[in-house]
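S.K.: Sequential numbering from 1 applies to the sequence shown in full-length UniProt numbering. Using N, Cα and C, we set each Cβ at its ideal position, and we do this for glycine too. Below: one structure in structure tokens.
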Amino acid sequence: MPLRALWNRARGALLQRRAHRIYRRTVTDVTNQAWRLAAELHDRLPAWVDRDRPLISVITPVYNTPKRYLRDLVDSFLLQQADFAELLLVDDGSTHQECKAFLDCLSAPGVAVHRMSENQGIVGATNLGMDRSKGEWVTFLDHDDALAPHALAVIRAAIEKHPDGNFFYTDEVVTGSDLAAEDLFLKPAFDRVLLSGVNYINHLSVYRSQHAKRLRLRAGTDGSQDYDLLLRYLTDTPDDTVYHVPYPAYLWRRDGRSYSVNNLQKATEAARRAVSDAYGGVAVGSSSVIPDLHRLAFQAAHRTWPSISVIIPNFNAPKLIRQVVGGLLDKTDYPTLEISIIDNGSDNPETLDFYRELTSLHSNVSIHIKKENFNFARAVNRGVSNTRSDFLLLLNNDVEIIHYDWLKEMVSCFDYGNVGAVGAKLLYPSGNIQHAGVIVGFGNYAGHWYLDQPGQFPGPMGRLAVRQSLSAVTGACLLTKRGPWSEVGGFDEQDFKIAYNDVDYCMRLRKRGYRILWTPFATLTHHESASRGSDETPENRERFEREKANLDRHHGTVGFEDPACNPWYTTDRSYPTLRRRAALPSPRTNAIGGSANGRANDMALAR
Numbered sequence: 001m002p003l004r005a006l007w008n009r010a011r012g013a014l015l016q017r018r019a020h021r022i023y024r025r026t027v028t029d030v031t032n033q034a035w036r037l038a039a040e041l042h043d044r045l046p047a048w049v050d051r052d053r054p055l056i057s058v059i060t061p062v063y064n065t066p067k068r069y070l071r072d073l074v075d076s077f078l079l080q081q082a083d084f085a086e087l088l089l090v091d092d093g094s095t096h097q098e099c100k101a102f103l104d105c106l107s108a109p110g111v112a113v114h115r116m117s118e119n120q121g122i123v124g125a126t127n128l129g130m131d132r133s134k135g136e137w138v139t140f141l142d143h144d145d146a147l148a149p150h151a152l153a154v155i156r157a158a159i160e161k162h163p164d165g166n167f168f169y170t171d172e173v174v175t176g177s178d179l180a181a182e183d184l185f186l187k188p189a190f191d192r193v194l195l196s197g198v199n200y201i202n203h204l205s206v207y208r209s210q211h212a213k214r215l216r217l218r219a220g221t222d223g224s225q226d227y228d229l230l231l232r233y234l235t236d237t238p239d240d241t242v243y244h245v246p247y248p249a250y251l252w253r254r255d256g257r258s259y260s261v262n263n264l265q266k267a268t269e270a271a272r273r274a275v276s277d278a279y280g281g282v283a284v285g286s287s288s289v290i291p292d293l294h295r296l297a298f299q300a301a302h303r304t305w306p307s308i309s310v311i312i313p314n315f316n317a318p319k320l321i322r323q324v325v326g327g328l329l330d331k332t333d334y335p336t337l338e339i340s341i342i343d344n345g346s347d348n349p350e351t352l353d354f355y356r357e358l359t360s361l362h363s364n365v366s367i368h369i370k371k372e373n374f375n376f377a378r379a380v381n382r383g384v385s386n387t388r389s390d391f392l393l394l395l396n397n398d399v400e401i402i403h404y405d406w407l408k409e410m411v412s413c414f415d416y417g418n419v420g421a422v423g424a425k426l427l428y429p430s431g432n433i434q435h436a437g438v439i440v441g442f443g444n445y446a447g448h449w450y451l452d453q454p455g456q457f458p459g460p461m462g463r464l465a466v467r468q469s470l471s472a473v474t475g476a477c478l479l480t481k482r483g484p485w486s487e488v489g490g491f492d493e494q495d496f497k498i499a500y501n502d503v504d505y506c507m508r509l510r511k512r513g514y515r516i517l518w519t520p521f522a523t524l525t526h527h528e529s530a531s532r533g534s535d536e537t538p539e540n541r542e543r544f545e546r547e548k549a550n551l552d553r554h555h556g557t558v559g560f561e562d563p564a565c566n567p568w569y570t571t572d573r574s575y576p577t578l579r580r581r582a583a584l585p586s587p588r589t590n591a592i593g594g595s596a597n598g599r600a601n602d603m604a605l606a607r
């Protein structure tokens, strides 16, 4: 290998290590700051009046656990100084003398040891712990993990602030064997769609005891027993009673000791059975990006596919319009399409010849030409009014179709129910990500996240490898239905002529109670803005700034904390980094409807 190549490789490795060290320092700084803020909250909590009736029961099945892990776990509970909580250690027939001796000698306030006569596995041990627990709420702590400082105080404050809550979950710290912070799992607000693809909730999950005891953990779910209980518990739980508590409350030691790590295939199979059961027996496959994650099939092979009207605004651009229409006609596996091209007065002979060719060969293609000042929103609205299908696909002329099954995937996403719009994964011609969803509040307005990352980039907790709910998706490839479209009045032709009309439409759908979905299983190439003129002219810049201001006026985007993002992430860049805060973020739901318009809200200290 040439010396220059060796130097470049060594330099790249050095820069990578340096970036990793900087990130770990940031993780530590942000985590410590969160814990300091939680200490202030803890100091304000009143004393618990009835120690015989704890608020929270923490259950930990134990089996041959190393003594130092047990000591870390118990110490982390005692340091909570939580007179409102109890810790139940359930020994599942341990045979290692070190573990047995530690449990025999353990005597601490609020800590109880229960023994099983024989090993019954994590399911049996956890169920016994629930049976013996006295708390109104119950949570689970793995035997090789620990509670973060003030975790239970933050959860108590959330429960008392939101007595309507039926379920609470927190963020978590990923640690090494020594419990030193290495990474943060920062989660979105509750999202059933995301949960069907990955158990992003994981630790720390807090259940109402009565309901959890009634459901119990099921035999045969080892490795995914938490996921299975979670899905069954949340089946009938209203979305607006599920609270995300944005606090790193759990220390997750990732050293390969857990059942799910050592028995990955069995755990994955158990997880897919749980997801299938939760969705009425729907088949579950794997994600193409991360095979261990999940994709609901929705009986796609046995359905009747609805007709779709495709609306494509265009002006000249003969190569682009030929490419996108050719992709619809020849590269899309879909039975019934109605294609409506809304032309803004093309005068290119090649484009006009192509139009004549299209209409002579394809009865399902119509061309509507009208020369006027360009207004993208008006063009789309005209296209919708000229079509008949219940499903409406908004498609830019600079999109290239690269897979045959993309459109059936987008239609399938409506089977989740209450869906208003579905967006696709769009790649630049280079193969990097152009669209993986829009985060409202980025840059105080709205923007694409993880822009220009590699096409197979999985995102945080694998989120870009599965379907998920978002606040908005791009109109470059957006599938919606005529009912919701008419209900909110389509695109706004006055305030969003060119920019943000898609974001505005999605936000109005959310306020009416509709979900906005994004799927990585419909992937297309987007030659972004290849057919548009420059936005750098003074007139266009003025119009763009006006439409940004309109977005804030309509939806309060300045200071908006998107439920799909996490309050500990920065909002000034496409690839978010960690940020410090002056106060703990408030617990939050992802209830769609009127609450979709919300400004940043920090958690008040308990009074």
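Arg467 and Leu517 look like a contact to me (Cβ under 8 angstroms); what is the Cβ gap, rounded to whole Å?
M.R.: 6 angstroms
S.K.: Between which residues of its own chain and residue 615 is the CB-CB distance below 6 angstroms, once the five residues before and five after are set aside?
M.R.: In the structure as shown, the chain begins at 1 and stops at 607. Residue 615 is therefore absent and cannot be evaluated.
S.K.: Rounding to the nearest angstrom, what Cα-Cα distance links Arg44 and Thr28 in this structure?
M.R.: Between Arg44 and Thr28, the C-alpha separation is close to 25 angstroms.
S.K.: Quick check on DSSP: helix, strand or coil for Ile339?
M.R.: strand
S.K.: Please determine, among Asp398, Ala157, Leu578, Phe374, the residue with the shortest C-alpha to C-alpha distance to Arg25.
M.R.: Leu578
S.K.: From Asn548 to Tyr500, what distance separates their C-alpha atoms?
M.R.: This sequence places Lys at residue 548; Asn is not what is there. Their Cα atoms are separated by approximately 8 angstroms.
S.K.: I'd like to check one pair, Ala297 with Ala283: are the Cβ atoms closer than 8 angstroms?
M.R.: yes
S.K.: Determine the extent of the beta strand (DSSP E) in which Gln468 is found, giving its start and end residues.
M.R.: 468-470
S.K.: What does the alpha-carbon distance come out to for the pair Asn396 and Lys187?
M.R.: 32 angstroms
S.K.: Below 6 angstroms CB to CB, which residues in the same chain sit around Phe521 once its five sequence neighbours on both sides are set aside?
M.R.: Glu409
S.K.: Three-state secondary structure (DSSP) at Ala189?
M.R.: The three-state secondary structure of Ala189, taken from DSSP, is coil.
S.K.: Which of the three DSSP states is assigned to Tyr575 in this structure?
M.R.: coil
S.K.: By Cβ distance below 6 angstroms, which residues in the same chain neighbour Met507 in space, the five residues on each side in sequence not counted?
M.R.: His555
S.K.: Whose CA, out of Asn444, Thr351, Ile311, lies closest to the CA of Arg482?
M.R.: Among Asn444, Thr351, Ile311, the Cα nearest to that of Arg482 belongs to Ile311.
S.K.: In whole angstroms, what separates the C-alpha of Glu215 from that of Asp52?
M.R.: Here residue 215 is Leu; the residue named in the question, Glu, does not match the sequence. Rounded to the nearest whole angstrom, the CA to CA distance from Leu215 to Asp52 is 25 angstroms.
S.K.: What residue range is occupied by the uninterrupted alpha helix (DSSP H) comprising Tyr569?
M.R.: Unbroken run through Tyr569: none, as it is neither H nor E.
S.K.: Just to confirm before moving on: does the CB-CB distance between Thr332 and Leu407 stay below 8 angstroms?
M.R.: With respect to the 8 angstroms criterion, Thr332 and Leu407 are classified as neighbours on the basis of their beta carbons.
S.K.: Since Pro61 is in the alpha helix (DSSP H), which residue starts that stretch and which ends it?
M.R.: Under the DSSP assignment, Pro61 falls outside any alpha helix (DSSP H), being part of the beta strand (DSSP E) whose first and last residues are 56-62.
S.K.: Since I believe Pro248 is in contact with Ala34 (beta carbons under 8 angstroms), could you give me their beta-carbon distance rounded to a whole number of angstroms?
M.R.: 6 angstroms
S.K.: State yes or no: is the C-beta of Tyr169 within less than 8 angstroms of the C-beta of Leu195?
M.R.: Cβ atoms of Tyr169 and Leu195: not closer than 8 angstroms.
S.K.: Does the Cβ-Cβ distance between Ala271 and His294 come in under 8 angstroms?
M.R.: A contact, by the Cβ cut-off of 8 angstroms.
S.K.: Mapping the DSSP letters down to three states, classify Tyr259 as helix, strand or coil.
M.R.: Caution applies to Tyr259, whose pLDDT of 49 falls short of 50 and renders its modelled position unreliable; the value that the coordinates give is listed next. Correct three-state label for Tyr259: helix.
S.K.: Taking a contact to mean a Cβ-Cβ separation below 8 angstroms, would you say Val365 touches Cys477 in this structure?
M.R.: No. Outside cutoff.
S.K.: For the putative contact between Arg218 and Asn166, defined by C-beta atoms under 8 angstroms, what is the C-beta separation to the nearest angstrom?
M.R.: With a Cβ gap of about 20 angstroms, Arg218 and Asn166 do not count as contacting.
S.K.: Taking the alpha carbon of Ile369 as the point to measure from, which residue in Arg68, Leu361, Thr351, Ser363 has its own alpha carbon closest?
M.R.: Thr351
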